[in-house]
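In the working numbering, the protein residues as written are 178 to 1207.
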């Protein structure tokens, strides 16, 4: 019988000449790992103590316990229609049960049949398991056009970290579990160990620059810090033993490391998902449709959790997404079929981890992109054991920077690559994607194994084309042990956890006996057992109980009513909800730029239509409920929203080049139009169809508008974004209306006539509605902008951000709106936000002026000297280009007041807002002039805003400089005084005088006064005085 080679320690003796025999024998270099005579693993360390990691600490309970079969506590019968509420009610019921001594509450059983789910099922408590009745029995189908996760297992991100202390070790090698620090720690304490990313380390790696003399994407100090979460299991003096090894060396030469105790009360444990099929609906007419579910299950702020025996189908992003706050997770016996999405970045990262101590075993994936993927600076260890990717579109391995301690053990990429190497600028400057990582008995079209400076990557028994300067041993050979992971588990934990691999039923001898040859010949008539088939039968090897007599969840679910604010409307020229004028800041959304890495999430503005697959939070996919709550807390009244300048972050380089692939970088600024799934646009994804709309984009805007109506906020909806068609050529490169990016024959010239091979001047053509195809597309798009918000009141419709275009296009825009309003019988709040000449022309147009509800002063202003800065419309120049030519001066309180008041007096039934120069600091000028949406500080007394809504600007009897007033004879006055001149007012009633700090909104004092003359002394600085008649 053929014996698989003992891959290490065997050297074929060769006859040597007598001359050579007299020379000293060279010292035999020991391999990094080998089986000794007792069939035990032996490791060779380098001079600093580094060695191949022990990966047996990966997975549920660090491999020290099998995944349990948790008792069923409730079942959910199958019914027609959306089952989200009923399944969630069952989850919530079990989540409130007490924990057992083993840390479990119970399982929710989904019976045989199809469950349609329009929302997201959320497990937010420890010890809760969602279980189906089998992969061929129970189907959980995500319906609708939402991109939300189908299931989340998520605790709270409330980690509290104490002050860090430095580690005193000169050097902590790879695989170390012992460190030293002067810290008052006890066994059982949780600690975070941090390794800094210093300039010296980055320069030594060569990761500061990826070519072109441009270092924007190079690594920067502090941007690749590594973090491990560990438990202290022993303390002896200042020597601390950790519960799992470290995966990158800590070297004082490069900043050493620190340790900090932490607590994490909201982290959940012992929860899971198992024994069912999960799938997403999608548009069957579009093979690259993305308006459906992206993620099957996300695990976040959780440890000792699992996903097992689950089939997935049709998801666009990840079927399992393990976030960086998840640890000791097992994903096993799972398969992914028929993903539906574009082919490109952030899609089809099928089994994806950024966590620590994760185990992915016995997995099958087809037509993915990065099927088995490890994310940004994931510190592991991570193990992928017996996994197969069938015809993937890209490689598996590290997909971002410096994932350390990754094992690919019997991993097959059928038709693509496995990579532990330097990705360079790819992946937004990923550079080295893996360190101290191992390929073991892997197969792929190509295996890249590079050695990073100061680290190593190893490849043993690899079958592939080869690339890289890492460590290679016995390529194209079968090696022993067959699985490194299971050999390490056996040596650390004994025989309790036997190897669970698909068997290899035959031998591979080159000279078998005749009878064996005959047996093998007969066996060759049948297809070999596939890994997919082996996984499918997992339930026969490890049955999950589904028989139960427990009670069923109550099928009656009543959604709670959602409170609404009063409708937004214009009363006597003032924008109000109920009786109260709306005040607060107006915040724009980012146009471009961003990163999903930690440094890119600092000081970032919120956005409504920014999308990061599988991730929620500021700078990522904003949680709109959280966003609107924060707006209320920060006194932000409105989000001024326009679509993004371009979709993906590669274009942030401002190049005009056609991309060679769809390897797009997140965050994505989604655009209004749907991708067609056909042909290839300039960015490498499919072309747009301008007659179809991106449902996720429009649903997000609608969700925000719904929340705005609930919470008293405003969406300022810009229909267009002029930045695409003027200035830098890159602005136009990926623009959906450009002919190379759509299927719709928009008629713009190609190749693009870039001025000076750099600038773009496409505004005149874009705004020309005499072109029949473009006119039709514009008309349909404007109607979509209106249709999307039927039923919402808190939306102000503007023509577009940075609009300095011609009068003719504004006329067309208003005519389209009037036509829509007549057809539908609906009214929308139409704002006029243009250059002054165009604004005045529309307001003097008897056919169109009545369609305008709100005048927005943004692209002109009165300067402090009283002269007007008012660039003309239709000159094919952007606002900042006009500013460079005309060099405007700042405005002032007096001139902002003047601008708003002029329009209020001329058009008393229209609201006037001011978003021009100094708008954020001149809110009181806007209010005192009778304007709307003034940027004021919070005013605690709601009666003040109600009074302001019912007052009009007036001149005081002896109007001094820097003195302004609102008044209503029945209510009183609101005065603004920034003068050294006193104010005297005759009053016919008793009054209450409240002094308010205009910067903070805080009350400075309240007093009452009787009839007669009210004397107010000269101001010692700006002051608001509210006089209320009794």
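No residue lacks a Cβ here, since even glycine has one placed at the ideal position from N, Cα and C.
With a CB to CB cut of under 6 Å and the five nearest residues on each side skipped, what residues in its chain are close to residue 1038?
If we look at residue 1038 and ignore the five residues flanking it on each side, its Cβ neighbours are 1046, 1068, 1093 and 1094.
Within 8 Å, strictly: CB atoms of residue 981 and residue 951
With contacts defined as CB atoms closer than 8 Å, residue 981 and residue 951 fail to qualify as a contacting pair.
Contacts around residue 827, its chain only, beta-carbon distance under 7 Å, and the 5 residues preceding and following it disregarded: 836, 841 and 842
Member of 538, 568, 542 and 531 whose CA lies at the smallest distance from the CA of residue 553:
531
Fill in: Supposed close pair residue 634, residue 614 - CB separation, criterion 8 Å
Separation of the CB atoms of residue 634 and residue 614 is rounded to 5 Å, and the pair is thereby assigned contact status at 8 Å.
query = Count the other CB atoms within 10 Å of the CB of residue 1140; is the residue buried (16 or more) or exposed (fewer)?
reply = buried
With 16 as the cutoff for other CB atoms within 10 Å, does residue 253 come out buried or exposed? Counting C-beta atoms within 10 angstroms of its own C-beta, residue 253 has 16 or more neighbours from the protein chains shown and is therefore classed as buried.
ask   = What residue does the alpha helix (DSSP H) around residue 281 start on, and which one ends it?
value = Where residue 281 is concerned, there is no enclosing alpha helix (DSSP H), given that its DSSP letter is neither H nor E.
- Determine the burial state of residue 415: buried for a count of at least 16 other Cβ atoms within 10 Å of its Cβ, exposed for fewer. exposed
Problem set entry | Range covered by the alpha helix (DSSP H) that runs through residue 1001 | 984-1001
Practice task
Rounded to whole angstroms, what's the CA-CA distance from residue 302 to residue 492? Just pull it up for me.
Solution key: Each residue's alpha carbon lies about 26 Å from the other.
**Asked** Which residues in the same chain as residue 990 place their Cβ atom closer than 7 Å to its Cβ, once the five residues preceding and following it in sequence are excluded?
**Response** 959 and 976
Note to self: When you compare the CB positions of residue 510 and residue 284, do they come within less than 8 Å of one another, or not?
What the structure shows: no
Checklist entry - CA-CA distance, residue 198 and residue 409? => result Confidence in residue 198 is poor, its pLDDT being 45 and thus under 50, which makes the residue's placement too unreliable to answer from.
* Less than 8 Å between the CB atoms is what I'm expecting for residue 631 and residue 382, so what's the real figure, rounded? => 7 Å
Original post:
What are the boundary residues of the alpha helix (DSSP H) that residue 808 is part of?
Top reply: 801-811
Given a threshold of 16 other Cβ atoms within 10 Å of its Cβ, counted over all protein chains shown, does residue 243 qualify as buried or as exposed?
exposed
- Use the C-beta contact count for residue 359: other C-beta atoms within 10 angstroms, 16 or more gives buried, fewer gives exposed. exposed
Self-check item: Nearest candidate by alpha-carbon position, reference residue 816, set 439, 1112 and 1057
Solution: Comparing Cα-Cα distances from residue 816 to each of 439, 1112 and 1057, the minimum goes to 1112.
*Would you say residue 755 and residue 814 are within 8 Å of each other, going by their C-beta atoms?*
no
>> Taking the alpha carbon of residue 442 as the reference point, which residue from 496, 459, 478 and 450 has its own alpha carbon closest?
In response: 478
*asked:* Helix, strand or coil, according to DSSP, for residue 1190 in the structure here?
replied: strand
Which residues bound the beta strand (DSSP E) around residue 437? 435-440
query = Can you list, in chain order, the residues of its chain whose CB lies under 7 Å from that of residue 1197, leaving out five sequence neighbours each side?
reply = none
Integer-rounded CB distance, given that residue 304 should sit under 8 Å from residue 1291
No answer is possible for residue 1291: the residues shown for the chain start at 178 and end at 1207.
Segments assigned alpha helix (DSSP H), at least 4 residues, entirely inside the segment 1097-1184 | 1100-1105 and 1119-1126
Rounded to whole angstroms, what's the CA-CA distance from residue 1203 to residue 1105? Just pull it up for me.
-> About 12 Å.
**Item:** Supposed contact pair residue 234 and residue 503 - C-beta distance, whole angstroms, cut 8 Å
**Value:** Going by Cβ atoms, the distance from residue 503 to residue 234 rounds to 15 Å, so no, they are not a contact pair.
**Asked** Can you give the Cα-Cα distance for residue 364 and residue 354, rounded to whole angstroms?
**Response** 14 Å
Open item on the list: Could you compute how far the alpha carbon of residue 195 sits from the alpha carbon of residue 550?
Closed with: With a pLDDT of only 38 at residue 195, under 50, the local geometry of the prediction cannot be trusted, and the value read off the model is given with reservation. Taking the straight line joining both Cα atoms gives about 54 Å.
How many angstroms separate the CA atom of residue 1005 from the CA atom of residue 327?
-> 35 Å
query = Which term fits residue 391, buried or exposed, when burial requires 16 or more other beta carbons within 10 angstroms of its beta carbon?
reply = exposed
Practice item. Assign residue 626 to buried or exposed, taking buried as 16 or more other Cβ atoms, counted over all protein chains shown, within 10 Å of its Cβ. Key: buried
Could you tell me the alpha carbon to alpha carbon distance between residue 933 and residue 600, rounded to whole angstroms?
34 Å
Spatial neighbours of residue 483 within its chain, please: CB distance less than 6 Å, with the 5 preceding and 5 following residues excluded, ordered by chain position.
-> 237, 244, 449 and 507
#### Entry: Beta-bridge partners of residue 724, as assigned by DSSP
Its beta-bridge partners do not exist; DSSP assigns none.
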